[in-house]
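Numbers in the numbering used here are just positions in the sequence shown, counted from 1, shifted up by 360.
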Amino acid sequence: MRFSADNGATWRSISAGLAVHHAPVMDIVVDPVDPKRVYVATFGAGVWLYDWGNKLPACVP
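Below is the structure:
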């Protein structure tokens with residue numbers, strides 16, 4: 361899973377080194393109550409939860 365905080369100019373992986381990195385992703389959902397949590401549903405590797413914690417990436421408008 362990759363994200364961009366600068367409107368797509370650069371991208372960073374948040375799943376590199378994890379088993380989910382090689383699994384086909386079926387769906388991605390940002391928790392509507394707690395947006396620092398991202399759920400990723402995979403094909404064959406279950407559901408993965410990523411929690412940004414207190415350091416959400418700064419986004420450039």
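Even glycine gets a Cβ: it sits at the ideal position worked out from N, Cα and C.
Beta-carbon proximity list for residue i, same chain, < 8 Å, skipping 5 on both sides
| i | result |
| --- | --- |
| V404 | Looking at the sequence provided, one finds Gly at residue 404 rather than Val. Within the same chain, G404 has close Cβ partners A383, P384. |
Residue i classed as buried or exposed, judged by whether at least 16 other C-beta atoms fall within 10 angstroms
| i | result |
| --- | --- |
| V444 | Nothing about residue 444 can be read from this structure; the chain reaches only from 361 to 421. |
Chain-order list of residues whose beta-carbon lies under 6 Å from that of residue i (same chain, five-residue window excluded)
| i | result |
| --- | --- |
| H381 | S375 |
| D391 | R397 |
Chain-order list of residues whose beta-carbon lies under 7 Å from that of residue i (same chain, five-residue window excluded)
| i | result |
| --- | --- |
| T370 | S364 |
| A379 | A405 |
| M423 | In the structure as shown, the chain starts at 361 and stops at 421, and residue 423 therefore has no counterpart that could be examined. |
| R372 | R362, F363 |
Integer-rounded CB distance, given that residue j should sit under 8 Å from residue i
| i | j | result |
| --- | --- | --- |
| W412 | K396 | 4 Å |
| V398 | Y410 | 5 Å |
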